[in-house]
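There are 2 protein chains.
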Amino acid sequence: MHLQAPHLFDDATRVTAGDSRWQGRTSPDYWAFVGPFGGATAATILRALIEHPERSGDPLSLTVNYCAPIAEGAFDLDVRLVKANRSSQHWCVELSQGRGEVATLATAVFAERRPSWSHQEAQFPQAKPFEQILPYPKTAASWANQYDFRFVEGYPDIGGAKQDAPASAFSKLWIADRVPRTIDALSLMAMSDAFFGRVFHARGEVVPFGTVSLTTYFHTDADDLAAEDITRVLALADAKVFHKSYGDQSGELWSPSGRLLATTTQISYFKA
Amino acid sequence: MHLQAPHLFDDATRVTAGDSRWQGRTSPDYWAFVGPFGGATAATILRALIEHPERSGDPLSLTVNYCAPIAEGAFDLDVRLVKANRSSQHWCVELSQGRGEVATLATAVFAERRPSWSHQEAQFPQAKPFEQILPYPKTAASWANQYDFRFVEGYPDIGGAKQDAPASAFSKLWIADRVPRTIDALSLMAMSDAFFGRVFHARGEVVPFGTVSLTTYFHTDADDLAAEDITRVLALADAKVFHKSYGDQSGELWSPSGRLLATTTQISYFKA
């Protein structure tokens, strides 16, 4: 019995199965000024792979290259299983609209995660509890309003007084769907791209910005995530360098219980 | 006048131009037990792109997914310019042998790096000078012998007494080509994969291991690298988690002058 309407994230990342050509469409709920929220695009691509009848195993890595703006409306996903091994699969996905040029190019690895020696070297970051922090206010970008951001450190100080020296690009924050939704690989993928541009933090202002390439590694499989059964993550993001119009970002997504669920890196364009 | 033979790295990563199908071949100089050194494969793919007549700009990011072992000998590179923009290009490369299945799948972004605000947030790591450290001894893997590794921290303590607790996966080391060669994007790409498996460090033993997906971001263009004019980098590598047969690695490649040249992440299979 299905009494609840689907979560708007699931609506936004819905795909229609094809043979090798799948369909999706942009969502006004996850819009980012000049195109869809890149995290929603990445999650939609991941959903097509997870729902693919030939898929086996869990997502291990996904790299998404944003080649060109995506217009509002429908898009096609050309989904190709490039190589299947005994316990891993390599996929390639091309997103296009109206039989036009490729707008997004992605590669993914799926794997059956076999039991092994297990060791988490990274330390769980200390953080004030979610309940004790006020949510970040609503923004002009619809996608950001679908998330409940609660900053522990590195609250965006944007549009204040002009800074003399660059500020830290580091942020620590809780991220939840505004309408609670259980964390799965799809939401981890989208949340990987849900950090504000590091350049905004470093410069204390919003500048033209766009993710060029995003890679996320999954350190938990579906069973691990089901055992966590959570609706939010503790997230870290930082940057190392901004130079000649491009800057990097690295991030970590943690379960409240102290488990590192996913790590992510991206390189982004900026104009400043 | 060309009096010197080409550097063996340039021999190992040589490509023969085709239209969309280029050729390369594995090199015994860069062999890693069951296949070519992944860094040499990645550099060969990058070389095909850099030498491609349609290429414009400098490498910004390269992701290489290692799908299947590569046998000794010749291979084909299907090189495709997926999308060209005003100042960036998106490429896809498939490596195969004998018209067989794809063995390596890569995507790359090239960009014309325009002047911008510049800020390096990451701190240059303190390190004992290269000249004051003994080179790491020769190994059974030919590829490792092409490099001059000088460990500042995290010297691999492999095959000693069994450890009670996992050791740190962190390493800081100088990396140079054993036969000196000026650092360019190709060598940065190869050096991105020249760290020993983090799981070897954490467990203090060599275990079955293979890189599954490798992503490198370039934070300098050809002009920046030419200005550095260096033959070695100071490199950092670390891991955050090993779980269910896969572990991560992140790394940084610095110029001796204190400039962050490239950052890299990978996810790897291990058996332990």
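Same order as they appear, the protein sequences are chains W and P.
Residues are numbered in this note's numbering as their position in the first sequence, beginning at 1, plus a constant of 26.
Residues are numbered in this note's numbering as their position in the second sequence, beginning at 1, plus a constant of 26.
Just so it is clear, CB atoms sit at the ideal spot from N, CA and C, and this is done for glycine as well.
Taking residue i and residue j to be in contact with their CB atoms under 8 Å, please state how far apart those CB atoms are, rounded to whole angstroms.
i	j	result
Ala137 of chain W	Tyr162 of chain P	The Cβ separation is near 31 Å, so there is no contact.
Ala261 of chain P	Leu212 of chain P	Contact flag wrong, Cβ pair sits at about 16 Å.
Cys93 of chain W	Val128 of chain W	6 Å
Ala263 of chain P	Phe226 of chain P	Between Phe226 of chain P and Ala263 of chain P the Cβ distance is about 11 Å, and since that is not below 8 Å, they are no contact.
Ser218 of chain P	Gly284 of chain P	Actually they are not in contact, since the Cβ atoms of Ser218 of chain P and Gly284 of chain P sit about 19 Å apart, beyond 8 Å.
Pro234 of chain W	Lys164 of chain W	That pair is no contact at about 22 Å.
Ala166 of chain W	Ala68 of chain W	About 22 Å; that fails the 8 Å criterion.
Trp169 of chain W	Phe268 of chain W	Not a contact, Cβ separation roughly 23 Å.
Arg204 of chain W	Gln172 of chain W	5 Å
His116 of chain P	Leu131 of chain W	6 Å
His145 of chain W	Ala228 of chain P	6 Å
Val178 of chain P	Ala153 of chain P	5 Å
Gly83 of chain P	Thr70 of chain P	Actually they do not touch by this definition, with Cβ atoms about 20 Å apart.
Taking the beta carbon of residue i as the centre, do at least 16 other beta carbons fall within 10 Å, making it buried, or is it exposed?
i	result
Val90 of chain W	buried
Ile96 of chain P	buried
Leu299 of chain P	Absent from the structure is residue 299 of chain P, since the part of chain P shown begins at 27 and ends at 298.
Leu251 of chain W	buried
Thr52 of chain W	buried
Ser197 of chain P	buried
Glu120 of chain P	buried
Ala100 of chain W	exposed
Met27 of chain W	With a pLDDT of 47 at Met27 of chain W, under the threshold of 50, the predicted position of this residue should be treated as unreliable, and no value is reported.
Ser294 of chain P	buried
Pro155 of chain P	exposed
Phe59 of chain P	exposed
Ser281 of chain W	buried
Glu80 of chain P	exposed
Ala66 of chain W	buried
Ser114 of chain W	buried
Ala195 of chain W	buried
Ala202 of chain P	buried
Gln123 of chain W	buried
Arg258 of chain W	buried
In chain W, what lies closer than 8 Å to residue i by C-beta?
i	result
Ile256 of chain P	Correct list: empty, because the minimum Cβ distance to chain W is about 17 Å.
Val128 of chain P	Val108, Lys109 and His116
Leu286 of chain P	Lys266 and Val267
In the structure shown, what three-state DSSP assignment does residue i receive?
i	result
His227 of chain W	helix
Met27 of chain W	For Met27 of chain W, the pLDDT reaches just 47, beneath the cut-off of 50, and the residue's location in the model is therefore unreliable, leaving the point undetermined.
Leu160 of chain P	coil
Arg204 of chain P	coil
Ala43 of chain P	coil
Trp169 of chain P	helix
Gly65 of chain P	helix
Glu278 of chain W	strand
Ile293 of chain P	strand
Ser197 of chain P	strand
Arg51 of chain W	strand
His33 of chain P	coil
Leu70 of chain P	The sequence shown places Thr at residue 70 of chain P, rather than the Leu named in the question. Three-state DSSP puts Thr70 of chain P in a helix.
Ala129 of chain P	strand
Ser213 of chain W	helix
Asp250 of chain W	helix
Ala137 of chain P	strand
Check this for me: beta carbons of residue i and residue j, under 7 Å apart or not?
i	j	result
Lys266 of chain P	Asp255 of chain P	no
Val105 of chain P	Ser46 of chain P	yes
Thr237 of chain W	Thr290 of chain W	no
Leu88 of chain P	Ala134 of chain P	yes
Lys270 of chain W	Ser142 of chain P	yes
Phe35 of chain P	Arg207 of chain P	yes
Lys240 of chain W	Gln292 of chain W	It is Leu, not Lys, that sits at residue 240 of chain W in the sequence shown. Cβ atoms of Leu240 of chain W and Gln292 of chain W: closer than 7 Å.
Trp48 of chain P	Ala74 of chain P	yes
Gly230 of chain P	Asp183 of chain P	yes
Phe244 of chain W	Pro85 of chain W	yes
For a contact meaning CB atoms closer than 7 Å, what does residue i contact in chain W?
i	result
Phe268 of chain P	Trp143, Ser144 and His145
Ser195 of chain P	The residue asked about is misnamed: residue 195 of chain P is Ala in this sequence, not Ser. What Ala195 of chain P touches in chain W: Glu147.
Asp210 of chain P	Those within 7 Å of Asp210 of chain P in chain W number zero; the least Cβ separation is about 17 Å.
Leu131 of chain P	Val108, His116, Cys118 and Thr133
Ala298 of chain P	Ser142 and Trp143
Residue i versus chain P: which residues are under 7 Å apart at the beta carbon?
i	result
Leu251 of chain W	In chain order: nothing, as chain P lies at least about 12 Å away.
Along chain P, in chain order, which residues have C-beta atoms closer than 8 Å to that of residue i?
i	result
Ile293 of chain W	Leu86, Ser87, Val135 and Tyr243
Ala228 of chain W	His145 and Glu147
Asp274 of chain W	Tyr243, His245 and Thr289
Val259 of chain W	Per Cβ cutoff of 8 Å: no residues; Val259 of chain W is ~15 Å from chain P at best.
Below 9 Å on C-beta distance, what does residue i contact in chain W?
i	result
Ala377 of chain P	Residue numbering for chain P in the displayed model covers 27 to 298; residue 377 of chain P lies beyond these limits and cannot be assessed.
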